[in-house]
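Asker:
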Amino acid sequence: MNNSLCEKAYEVNNNGWILLIWSIVVCLNTCGILATLHVTRLLLWTQVEVFHVNLRILFANLSLGLMLRSAFTLYRAMQQIILAITWKDKCDFVQDVYACSIQSRINLTPFNSCVYSYLAVALERAIATLTYRRYEKRRNELIAVLLALTTWIHPTIELVNTVKRDVKGVREREYCSALTGQPIVLSQVTYSEHAAAQPQQQIPARRKYPRIEDHTSERDSIQHYNTAQYPLPVSFRTQQAESRNPRIRHFQGIVFFVVLFPSVHESFQETMSLTVPVYINLYAWILIIRCPQFAKRTYFIRRFSRLTKQSPQAEIKGPNYHFNMLSNFWT
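If you read the sequence shown in the UniProt record's numbering, its first letter stands for residue 1, the second for the next number, and so on.
(1) By the three-class DSSP mapping on this structure, what secondary structure does E136 have?
(2) Quick check on Q80: buried or exposed, where buried means 16 or more other Cβ atoms within 10 Å of its Cβ?
(3) Would you call the stretch 65 to 73 and the stretch 106 to 118 touching, i.e. three or more CB-CB distances under 8 Å?
(4) Tell me the DSSP bridge mates of E172?
(5) Kindly indicate which three-state DSSP category L5 falls into: helix, strand or coil?
(6) Using the three-state DSSP reduction, which class does T271 fall into: helix, strand or coil?
(7) Among S327, N281 and N324, which one has its Cα closest to the Cα of H38?
(8) Tell me whether the beta-carbon of I286 lies closer than 9 Å to the beta-carbon of A295.
(9) Taking the alpha carbon of C31 as the reference point, which residue from N15, A284 and L19 has its own alpha carbon closest?
(10) Applying the 10 Å Cβ sphere with the 16-neighbour rule, what's the burial state of Y175?
(11) Taking Cβ to Cβ, would you say R171 is nearer than 9 Å to S101?
(12) Could you compute how far the alpha carbon of S70 sits from the alpha carbon of N54?
(13) Please report the straight-line C-alpha distance between T162 and H154, rounded to a whole angstrom.
(14) Tell me whether the beta-carbon of W152 lies closer than 9 Å to the beta-carbon of S104.
(15) Do you know offhand how far P277's Cα is from N3's?
(16) Hey, out of D96, L20 and I82, whose CA is closest to L5's CA?
(17) Check this for me: beta carbons of A83 and N13, under 9 Å apart or not?
(18) What are the boundary residues of the alpha helix (DSSP H) that S70 is part of?
(19) Does the distance from the CB of A9 to the CB of V115 come in under 9 Å?
(20) Just tell me which of N15, I18, H52 and Q293 has its CA closest to the CA of R134.
(21) Just the C-alpha distance for L149 and R173, rounded to the nearest angstrom, thanks.
(22) Quick one: what's got a C-beta closer than 7 Å to S311's C-beta in the same chain, skipping five residues either side?
(23) May I have the straight-line CA-CA distance separating Y279 from M325, to the nearest angstrom?
(24) To the nearest angstrom, how far is the alpha carbon of E7 from that of L20?
(25) Could you give the residue range of the alpha helix (DSSP H) that holds N161?
(26) Measuring only the C-alpha atoms, how far is S273 from I24?
(27) Name the two residues that bound the continuous alpha helix (DSSP H) containing N14.
(28) First and last residue of the alpha helix (DSSP H) that includes T150?
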């Protein structure tokens with residue numbers, strides 16, 4: 001094996017900055033997976049009044065994709081940290097090109113499924129708002145499950161094509177990039193679809209409020225109108241997280257000293273790959289904080305509420321209570 005390649009691989013993968021980034025990835029992904037597991041448990045195994053069962057299934061599918069993506073990158077970071085501690089030869093840091101491409105595609109597959117999941121959520125919310133009189137009374141779990149499964153079709157096909165691809169030329173390299181950006185950012189398309197669907201969901205619901213005579217239908221319409229506001233902030237964060245990857249490649253061409261210092265180049269890539277570990281934490285906490293039904297079932301928020309809550313006021317007794325007291329006194 002080429003000694004210069006081994007030296008370069010050692011310099012890139014065993015410097016303090018990149019080890020710090022991998023440690024942050026481990027912490028963020030661990031916290032994000034635990035928080036998303038908590039949200040998924042609330043979605044599937046508790047009666048949350050805000051979400052329709054179909055929306056719960058789609059959000060659970062979205063959470064699954066994020067947790068898989070975080071689990072894969074968590075494994076990668078842990079593997080690199082352990083290698084940096086237990087290495088015996090500098091050539092241990094050299095990595096295979098084919099294995100790098102497979103690893104990159106595996107990491108990208110669940111995140112692309114999340115991108116399609118936002119489009120599925122937008123379609124479900126549009127149908128729910130436009131047919132609010134009948135939608136709440138129907139339970140079409142099978143349709144929601146099939147819609148969730150379709151979000152995995154294209155990413156899985158891309159993964160299979162990558163596995164079958166024959167890599168020619170150089171078989172070894174010093175570093176596997178953590179970035180999984182593509183020339184076409186799919187999340188921008190999904191965000192545009194959802195942003196376009198948002199007014200279509202809200203405006204008809206608002207226009208129909210004055211003409212609704214059935215209080216049950218009015219409640220269902222208001223419920224779907226409020227629920228449509230939850231996917232928008234997390235969808236926007238997805239668009240931001242995914243768009244960082246291609247943009248940073250253009251910025252790297254401007255930084256001239258990365259050619260002279262290769263370890264700086266790779267460390268810079270690892271730093272920008274933190275967008276997804278940060279996003280999974282934002283995803284979970286946006287849903288927890290913006291949804292009161294989730295917040296009151298979360299330990300940290302309940303604990304904080306106890307510390308900041310004022311002393312409870314005396315309960316106000318109604319007239320029936322006083323009449324009962326008088327009746328008991330005179331009898």
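Positions of the beta carbon are idealized from the N, C-alpha and C atoms, including for glycine. Predicted model only: the values in this text are computed from it and were never measured.
Answerer: The short version:
(1) coil
(2) buried
(3) yes
(4) D96
(5) helix
(6) helix
(7) N281
(8) no
(9) A284
(10) buried
(11) no
(12) 25 Å
(13) 12 Å
(14) no
(15) 35 Å
(16) D96
(17) At residue 83 the sequence reads Leu, which differs from the Ala that was named. In contact: L83 and N13 (Cβ atoms closer than 9 Å).
(18) V53 to T86
(19) no
(20) H52
(21) 36 Å
(22) Residue placement at S311 is poorly supported in this model, since its pLDDT is 45, which falls under 50; the coordinates still yield a value, given next. Answer for S311: no residue qualifies.
(23) 58 Å
(24) 20 Å
(25) I153 to K164
(26) 11 Å
(27) No alpha helix (DSSP H) holds N14; DSSP gives it neither H nor E.
(28) E141 to T150
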